[in-house]
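Protein chains in written order, with the numbering used here: chain A, 80 to 515; chain B, 151 to 345.
Rendered as structure tokens:
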């Protein structure tokens, strides 16, 4: 240490040697004195003779909190406005312009963050972790659309969600993909939701944010991979309306469940359906349910058989899914940084020519004992084992439920929107000849 | 169930729907209350702990913003005002001047100004800084550690999932309440002497 100081101080000078040495010794003594008093700095701050004043280190503050509160206010206003436009005005034009506003404000101005979809993870983290403190605004962004959906259906999707608005605006040539494919692809959001909750609960990652195709576009700075993903999604969105909302959005799962039981869901006709079938093909999202006028299409015995099959399907798929999930838990856990690092330490690469990873260097520099890391990793893997059962069971239940649902027919006299999947975009209303 | 049966005007489906509506409302309220007990009045911001930072250079490229919202910040109060600044000069530099070929910074973002013999002030020009941490590494290795990487909160988009935090090899990022956004390591407290 002393040697270092000496070298150091001598470097500072370009003075005659003698004076330099004397100064060096003095400085060294002074530095040593200072070091013993403060033990902070290798080179204590000089005492300037020229009256130099140390400049202040500027620490700019984050975005004012009042603006965050404003975001919530804008969210609530947009939700109220779009709900009024859907249910009272029944005006596609109005919904369209509100969605343009939402895209501009929540999308391009607020850059798509924080959004209600991503807030799932913050809420999960807040519930599972003792230390994470969720901001009020994030909680508001999570709860407000759910509450509105319970009361009025998925009006949030119609014109407030910037992702939905974006896709709604570009769906120029929507094609039908058929109920079978729709149902199969419709399982993906459930899997996405389950994994997002698993990774958020284990403090591993926020995968919804990580694989969000839109934020990169709102900010004009996505990575190449994400641009490719977003490009494919948006291009396909021209022909398949709202691909993210229908086949990826994990928040849509929650909205779907709640919307089924919404109090005042929009209807295609303002009063009576006259079975004119004009709206039949109007929905770009294939959410209009056709009338099923036969009350009991099967004999009593077939109905009973179907019912028993449906009852048996769900626990079977649940167990199968849970078991599969528990088998995959170690692979799922590898996404976690600590588990990955422990794995690297336990099974080092055979190839010694590979340079050491930055993570490994950082871990060695931290001075943390490997045993501590192993203990942490083991705990995380245990969480993933339980999580694997839950996630797998949930996905199994979803698949079982969807299959069971297909066995059942529901009596219905009119053309009605599917309350679960309908985005309340109001397109079908324009086709209905009944206007009052 | 029998309540729904009594009232002839309420159908079975309506009754079930009402029931589920109330359960969902109660459930949402429950979740909200549970989460609200953990909610803080403050917004969170991302903070970099310089004592954990290994100056790997990923802050420069991982940020969703370009250039990165992480910049080198000079904590003047910790600076030794060295002539031979480990954060300014390339190692092995003999001539201590402001020639570009002697500078560590790839963007020439550090300004060196003479104060009085033998002391120099080093100022970061934040517009030029890309947050690569090369100077921080130099200052940390040979100096007081007064050059530090910090998340500039006025530049940070405050993403829900910070892309740098995800990429950070030493777990130096954390969410902190917005009223204490900066952690200037060693500023006013002991810094471990690594020599």
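C-beta: ideal position from N, C-alpha, C; glycine also.
- Every unbroken stretch of the alpha helix (DSSP H) spanning 4 or more residues and falling wholly within the segment 211–261 of chain A is given here in chain order: 215–231, 234–238 and 241–249.
- Annotated three-state conformation of residue 264 of chain B is strand, per DSSP.
- Comparing C-alpha distances from residue 489 of chain A to each of A/376, A/224 and A/254 shows the shortest one belongs to A/376.
- Beta-bridge partners assigned by DSSP to residue 221 of chain B: B/300.
- Close to chain B, meaning a Cβ-Cβ distance shorter than 9 Å, are the following residues of the segment 118–143 of chain A: 118, 119, 120, 121, 122, 123, 124, 125, 127, 128, 129, 131, 133, 134, 135, 136, 137, 138, 139, 140, 141 and 142.
- Your pair residue 370 of chain A and residue 491 of chain A checks out as a contact, with CB atoms roughly 5 Å apart and the cut at 8 Å.
- Counting only residues of its own chain and dropping the five nearest sequence neighbours on each side, residue 292 of chain B has a CB closer than 7 Å to the CB of 236.
- Assignment of beta-bridge partners to residue 326 of chain B by DSSP yields B/195.
- Assignment of residue 200 of chain A by DSSP, reduced to helix, strand and coil, places it in the helix class.
- The CB of residue 204 of chain B comes closer than 9 Å to the CB of 437, 440, 441, 444 and 445 in chain A, given here in chain order.
- Your pair residue 300 of chain B and residue 223 of chain B checks out as a contact, with CB atoms roughly 4 Å apart and the cut at 8 Å.
- Where residue 272 of chain B is concerned, there is no enclosing alpha helix (DSSP H), although the beta strand (DSSP E) around it starts and stops at 269–274.
- At a Cβ-Cβ threshold of 8 Å, residue 186 of chain A and residue 299 of chain A do not count as neighbours.
- Inter-segment contact for the segment 280–291 of chain A and the segment 475–490 of chain A is absent: fewer than three beta-carbon pairs are separated by less than 8 Å.
- DSSP, read as helix, strand or coil, puts residue 371 of chain A in strand.
- Counting only residues of its own chain and dropping the five nearest sequence neighbours on each side, residue 228 of chain A has a CB closer than 8 Å to the CB of 234, 235, 334, 337, 338 and 341.
- Residues of chain A whose Cβ lies closer than 7 Å to the Cβ of residue 171 of chain B are, in chain order, 229, 340 and 342.
- Three or more Cβ pairs drawn from the segment 170–187 of chain B and the segment 212–222 of chain A lie within less than 8 Å of each other, which places the two stretches in contact.
- Interface with chain A (8 Å Cβ-Cβ cutoff): residue 174 of chain B is included.
- Residue 508 of chain A sits close to residue 171 of chain A, with the two beta carbons spaced by under 8 Å.
- Rounded to whole angstroms, residue 402 of chain A and residue 472 of chain A show a C-alpha spacing of 8 Å.
- Just measuring C-alpha positions, the residue of B/167, B/198, B/185 and B/182 sitting nearest residue 318 of chain B is B/198.
- Residues of the same chain with a CB within less than 7 Å of the CB of residue 271 of chain A, apart from the 5 flanking positions on each side, are 327 and 329 in chain order.
- Each residue's CA atom was taken as its position, placing residue 307 of chain B and residue 438 of chain A some 25 Å apart.
- With a cutoff of 8 Å on beta-carbon distance, residue 282 of chain A and residue 208 of chain A are scored as near each other.
- Between residue 267 of chain A and residue 381 of chain A, the alpha-carbon positions lie close to 31 Å from each other.
- A straight line joining the alpha-carbon of residue 273 of chain B with that of residue 231 of chain B spans about 11 Å.
- Across the set A/465, A/395, A/458 and A/446, the C-alpha of A/446 shows the shortest separation from the C-alpha of residue 320 of chain B.
- Here residue 254 of chain A is exposed: its Cβ has fewer than 16 other Cβ atoms, across all protein chains shown, within 10 Å.
- The way I'd put it, the segment 474–487 of chain A doesn't touch the segment 447–458 of chain A; fewer than three beta-carbon pairs between them come closer than 8 Å.
- Under the Cβ distance rule, residue 147 of chain A counts among the residues neighbouring chain B, one pair being separated by less than 8 Å.
- Residues of chain B with a Cβ closer than 8 Å to the Cβ of residue 205 of chain A are, in chain order, 185, 188 and 189.
- At a beta-carbon threshold of 7 Å, the residues of chain A lying near residue 229 of chain B are 124, ordered along the chain.
- Contact of residue 333 of chain B with chain A by beta-carbon distance below 7 Å is absent, the smallest such distance being about 11 Å.
- For residue 313 of chain A and residue 242 of chain A, the gap between their C-alpha atoms comes out near 11 Å.
- DSSP places residue 163 of chain B inside the alpha helix (DSSP H), whose first and last residues are 162–186.
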